[in-house]
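Student: This is the structure I have questions about; it appears just below.
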Amino acid sequence: MPSNEADPLNRWSSLRRFMAQPWVLGLVGVATVLLIWLLTTASGAVDKLFLPSPQAVWQAGQAQWTSGVLVKDAVASIQRVFIGFALSAGLALPIGIAMGTNQTICRLLEPLMALIRYMPAPAFIPLLIIYFGLEELPKVLLIFIGTFFFNTLMIMDAVKFVPSELVETALTLGGRGLPILTRVVAPFIAPQVLDTYRINMASAWNLVIVAELVAATEGLGKRISLAQRFLRTDEIFVGLIVIGLVGLCIDLGFRFLMRKACAWAN
Amino acid sequence: MHLQVSSVSKSFGYGPKAKPVLDSVSFDLHSGQFLALVGSSGSGKSTIMRLIAGLDRPSSGEIRLDGQLIRGPGADRGMVFQKYSLYPWLTAAQNVAFGMRLQGRPKAEVRERTAYFLEVVGLVDSARLLPRELSGGMQQRVAIARSLAAEPKVLLLDEPFGALDLQIRESMQEFLHRLWQQTGLTALLITHDLEEALLLAQQVHIMAPRPGRIVRSVNVDLDRSSLAHLRVSPPFLALREELASVLRRLDSSLPA
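Sequence order for the protein chains is A and B.
Numbering-wise (the numbering used here), the first sequence opens with residue 1 and increments by one.
Numbering-wise (the numbering used here), the second sequence opens with residue 267 and increments by one.
Here it is in structure tokens:
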């Protein structure tokens, strides 16, 4: 009978529609790993010391939350990232644009930047400590060094790919230097600049943890290295998960900003 | 308005490697005239357009607009490119307003002229759409409206319909013809399409390639009351065939 045949078909197609939602499969992936983690620890096959159970990690997280340590650490790390990255992003924008629009400046700076870019930022830590001690400055500078050159070169590339027709049209409409920069170049590169920041924000976030592992009194990285000293793997897991979540939130924030501000580019 | 192109030559590169692209090109364009340059690729027709727009400099010779030597781009010479020249983040109306805003015209005037030119190109209903939401033909009409709104003395059209499908091309040719009749604009059209040039322009210069030069000039004195009729009228077809054979000879005489 037709009605009986149509029913399961419908159910299949609605399930397929549900699975086609972009977030569904992503959630399935995360849930699967959580489940495997849960089953492995529940079976007792692995020593608790090496792999704490999800419940133990949740409890450790709660304890850090109620004592206020978690928030204090997160705020300290986020603050460093934001200051260091704001410096890097703010300086990279004019220099990147200058390199993208002016051949002389580009030839002058590009080899230098390309060279420094390949020096791993963490290798600067010893120097930074010698120069600036153990305070905030060396950590902020590390984030700056680790992201500035990438930011600049990626912005330069974005500027170089502004179609010449767009600039030349503005010229034949009576446009000149600065107005063309603000009304043609800036809006055209805005989406790529935001994406550049989003991508390099990830390395800023990596670097702050590295800096804190080496020397810090507070911060998520510091908490992890303390936890290691006391073999508190549950706290290490808390640290890792919080770092991942904060990073993800920043990434989503940039994506949101890009969708709102540059709807035309989607 | 009087545009004078006098013995303009242009080479790219220097010394023995210099490659001549234009060899002593001269022509005049007066107010209200519609002039076309026709040639195959390599005939330097786009180069001459860029020189007039002021986007490049001639190697020798000079170009004058109303007696003034052209030294760089300016709003008195509006240009419409083949494609990709609308600002993708601006709506159709904002694109039309773009040049006037660059010129710092008063807001009320910009609004009024934008509405007027959207009307002229028949895109009032699409005013709020982004370029990617417009068809290729609509995009080119916006680009033309944007150029006209900035009040150029001459409109430079660089293969404006070259990227469009054949049917849309024909309707755009009708559109441009009506626009010229209505507004009395002065236009210089560059195309490789002989039919297009003969339909629209009062005067057509045929260009030969490598180096680019004008080899033949014709005044097209035909009845343009209906372009559809003109396309198939015997005198039009005869003229088209005659010039097409000139172009074919030029192409076949090239070293392979």
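Even glycine gets a Cβ: it sits at the ideal position worked out from N, Cα and C.
Note that the structure is a prediction, hence the values are computed from the model and not measured.
(1) How far does the alpha helix (DSSP H) with Arg316 of chain B in it extend, from its first residue to its last?
(2) Could you name the residues of the segment 342-374 of chain B whose beta carbon sits closer than 7 Å to any beta carbon of chain A, in the order they occur along the chain?
(3) Please name the residues in the segment 312-323 of chain B whose beta-carbon is closer than 9 Å to at least one beta-carbon of chain A, in chain order.
(4) Just to confirm my understanding: we take Ala227 of chain A, look at its own chain, exclude 5 residues before and 5 after, and list those with CB closer than 7 Å. What are they?
(5) Can you list, in chain order, the stretches of the alpha helix (DSSP H) that have 4 or more residues and sit fully within the segment 132-216 of chain A?
(6) Measure from the alpha carbon of Val214 of chain A to the alpha carbon of each residue in A:Pro138, A:Arg198, A:Gln64 and A:Phe256, then state which is nearest.
(7) Ignore the nearest five residues each way along the sequence and tell me which others in Thr357 of chain B's own chain have a CB closer than 7 Å to its CB.
(8) Compare the C-alpha of Leu317 of chain B against each of B:Glu399, B:Lys283, B:Ser277 and B:Val386 and name the closest.
(9) Could you tell me which chain A residues have their CB closer than 7 Å to the CB of Ala416 of chain B, listed as they occur along the chain?
(10) State the Cα-Cα distance for the pair Leu321 of chain B and Lys373 of chain B, rounded to the nearest angstrom.
(11) Taking C-alpha atoms, which residue in B:Leu303, B:Ala415, B:Leu389 and B:Leu352 lies nearest to Val523 of chain B?
(12) In this structure, what does DSSP give as the bridge partners for Asp73 of chain A?
(13) Compute the distance between the beta-carbons of Gly478 of chain B and Lys311 of chain B, then report whether it is under 8 Å.
(14) Could you tell me which chain A residues have their CB closer than 7 Å to the CB of Pro251 of chain B, listed as they occur along the chain?
(15) Closer than 8 Å by C-beta to Phe18 of chain A: which residues in its own chain qualify, once you throw out the five before and the five after it? Chain order, please.
(16) Looking at C-alpha atoms only, which residue of B:Ala284, B:Val304, B:Leu269 and B:Glu508 is the closest neighbour of Gly298 of chain B?
(17) How would you label His495 of chain B, buried or exposed, when you count the other beta carbons within 10 angstroms and need 16 or more for buried?
(18) Quick one: Cα of Ser13 of chain A to Cα of Ser43 of chain A, how far?
(19) Please report the straight-line C-alpha distance between Lys304 of chain B and Ala170 of chain A, rounded to a whole angstrom.
(20) Check the Cβ-Cβ distances between Leu194 of chain A and every residue of chain B, and say whether any is below 8 Å.
(21) Using alpha carbons as the reference points, say which of B:Glu440, B:Thr313, B:Arg497 and B:Asp487 lies closest to Ser275 of chain B.
(22) Does the beta-carbon distance from Glu218 of chain A to Lys72 of chain A come in below 8 Å?
(23) In three-state terms, what does DSSP make of Glu328 of chain B?
(24) Which residues of chain B have a Cβ atom closer than 7 Å to the Cβ of Pro163 of chain A, listed in chain order?
(25) Starting from Ala302 of chain B, follow its DSSP beta bridges and name the residues at the other end.
(26) Can you look up Ile480 of chain B in the DSSP assignment and give me helix, strand or coil?
(27) For a quick check, are the C-beta atoms of Leu301 of chain B and Gln469 of chain B less than 8 Å apart?
(28) Take Ile250 of chain A and list the residues in its own chain whose beta-carbon comes closer than 6 Å to its own, dropping the five residues that flank it on each side.
(29) Within 10 angstroms of the Cβ of Ser413 of chain B, are there 16 or more other Cβ atoms? Answer buried if so, exposed if not.
(30) Between Pro179 of chain A and chain B, is any beta-carbon pair separated by less than 8 Å?
(31) Under 9 Å Cβ-Cβ, which residues of chain A neighbour Leu269 of chain B?
(32) Tell me, please, whether the CB atom of Leu421 of chain B is closer than 8 Å to any CB atom in chain A?
(33) Leu108 of chain A and Phe124 of chain A - do their beta-carbons sit closer together than 8 Å?
(34) Less than 8 Å between the beta carbons of Leu493 of chain B and His443 of chain B, yes or no?
(35) Which chain B residues sit within Cβ distance under 8 Å of Leu93 of chain A?
(36) Would a check of beta-carbon distances place Leu396 of chain B closer than 8 Å to chain A?
Tutor: Taking the definition as stated:
(1) Numbered from its first residue, the second sequence carries residue 316 of chain B at position 50. Looking at the DSSP string, the run of the alpha helix (DSSP H) that includes Arg316 of chain B is Lys311 to Ala319.
(2) Arg343, Gly344, Met345, Phe347, Tyr350, Ser351, Tyr353, Pro354, Trp355, Phe364, Gly365, Leu368 and Gln369
(3) Arg316, Ala319, Gly320 and Leu321
(4) Along the first sequence, read from residue 1 onward, the residue named residue 227 of chain A stands at position 227. Correct list, in chain order: Glu235, Ile236 and Gly239.
(5) 136-160, 164-172, 177-180 and 186-214
(6) For the purposes of this step, residue 214 of chain A is taken as the residue at position 214 of the first sequence. The residue with the shortest Cα to Cα distance from Val214 of chain A is A:Pro138.
(7) Taking the first residue of the second sequence as position 1, residue 357 of chain B is located at position 91. Hits under 7 Å: Ala393, Arg394, Leu395 and Leu396.
(8) By one-based count along the second sequence, residue 317 of chain B stands at place 51. Per the Cα distances, B:Ser277.
(9) The sequence position of residue 416 of chain B within the second sequence is 150, counting from 1. What Ala416 of chain B touches in chain A: Leu173 and Gly174.
(10) Along the second sequence, read from residue 1 onward, the residue named residue 321 of chain B stands at position 55. Along the second sequence, read from residue 1 onward, the residue named residue 373 of chain B stands at position 107. So the two alpha carbons sit approximately 29 Å from each other.
(11) Not covered by the structure: residue 523 of chain B. The range shown for chain B is 267 to 522.
(12) For the purposes of this step, residue 73 of chain A is taken as residue 73 along the first sequence, with counting starting at 1. In the DSSP output, where bridge partners are listed per residue, Asp73 of chain A has none listed.
(13) Counted from its first residue, the second sequence places residue 478 of chain B at position 212. Counted from its first residue, the second sequence places residue 311 of chain B at position 45. Yes.
(14) Missing from the structure shown is residue 251 of chain B; chain B here goes from 267 to 522 and no further.
(15) Against the first sequence, residue 18 of chain A aligns to sequence position 18. Cβ within range, chain order: Val24.
(16) Locating residue 298 of chain B in the second sequence gives position 32, where the first residue counts as 1. Per the Cα distances, B:Leu269.
(17) For the purposes of this step, residue 495 of chain B is taken as the residue at position 229 of the second sequence. Answer is exposed; the Cβ neighbour count stays below 16.
(18) By one-based count along the first sequence, residue 13 of chain A stands at place 13. By one-based count along the first sequence, residue 43 of chain A stands at place 43. Computed Cα separation, rounded: 38 Å.
(19) Stepping through the second sequence from its first residue, residue 304 of chain B is reached at position 38. Stepping through the first sequence from its first residue, residue 170 of chain A is reached at position 170. For the sequence presented, residue 304 of chain B should be read as Val rather than Lys. Approximately 26 Å between the Cα atoms of the pair.
(20) Sequence index remark: in the first sequence, residue 194 of chain A carries index 194 (1-based). No, Leu194 of chain A does not count as interfacial toward chain B.
(21) Stepping through the second sequence from its first residue, residue 275 of chain B is reached at position 9. Looking at the Cα atoms, B:Thr313 is the closest of the given residues.
(22) In the first sequence, residue 218 of chain A corresponds to position 218, counting from 1. In the first sequence, residue 72 of chain A corresponds to position 72, counting from 1. Closer than 8 Å, so yes.
(23) Here residue 328 of chain B is taken as the residue at index 62 of the second sequence, counted from 1. Glu328 of chain B: strand per DSSP, three-state reduction.
(24) In the first sequence, counting from the first residue as 1, residue 163 of chain A sits at position 163. The contacting residues are Tyr350.
(25) The sequence position of residue 302 of chain B within the second sequence is 36, counting from 1. The partner list for Ala302 of chain B (beta bridge, DSSP) reads B:Leu455 and B:Val470.
(26) The count along the second sequence starts at 1 and reaches residue 480 of chain B at position 214. Looking at Ile480 of chain B - three-state DSSP - the assignment turns out to be strand.
(27) Position 35 of the second sequence, counting from 1, holds the residue named residue 301 of chain B. Position 203 of the second sequence, counting from 1, holds the residue named residue 469 of chain B. Contact flag set, yes.
(28) In the first sequence, residue 250 of chain A corresponds to position 250, counting from 1. Around Ile250 of chain A: Met201.
(29) Indexing the second sequence from 1 puts residue 413 of chain B at position 147. Buried.
(30) By one-based count along the first sequence, residue 179 of chain A stands at place 179. Answer yes: the Cβ-Cβ gap between Pro179 of chain A and chain B drops below 8 Å somewhere.
(31) For the purposes of this step, residue 269 of chain B is taken as the residue at position 3 of the second sequence. Neighbours of Leu269 of chain B on chain A: none; closest Cβ ~14 Å, over 9 Å.
(32) Counting from one through the second sequence, the residue named residue 421 of chain B turns up at place 155. It does not: the Cβ of Leu421 of chain B has no partner Cβ on chain A nearer than 8 Å.
(33) Working through the first sequence from its first residue, we reach residue 124 of chain A at position 124. Working through the first sequence from its first residue, we reach residue 108 of chain A at position 108. In terms of Cβ geometry, Phe124 of chain A and Leu108 of chain A do not form a close pair [threshold 8 Å].
(34) Here residue 493 of chain B is taken as the residue at index 227 of the second sequence, counted from 1. Here residue 443 of chain B is taken as the residue at index 177 of the second sequence, counted from 1. In contact: Leu493 of chain B and His443 of chain B (Cβ atoms closer than 8 Å).
(35) On the first sequence, residue 93 of chain A is found 93 positions in, with the first residue counted as 1. Near Leu93 of chain A there are no residues of chain B at all, since even the closest Cβ is about 18 Å away, more than 8 Å.
(36) On the second sequence, residue 396 of chain B is found 130 positions in, with the first residue counted as 1. Judged by the 8 Å Cβ criterion, Leu396 of chain B is in contact with chain A.
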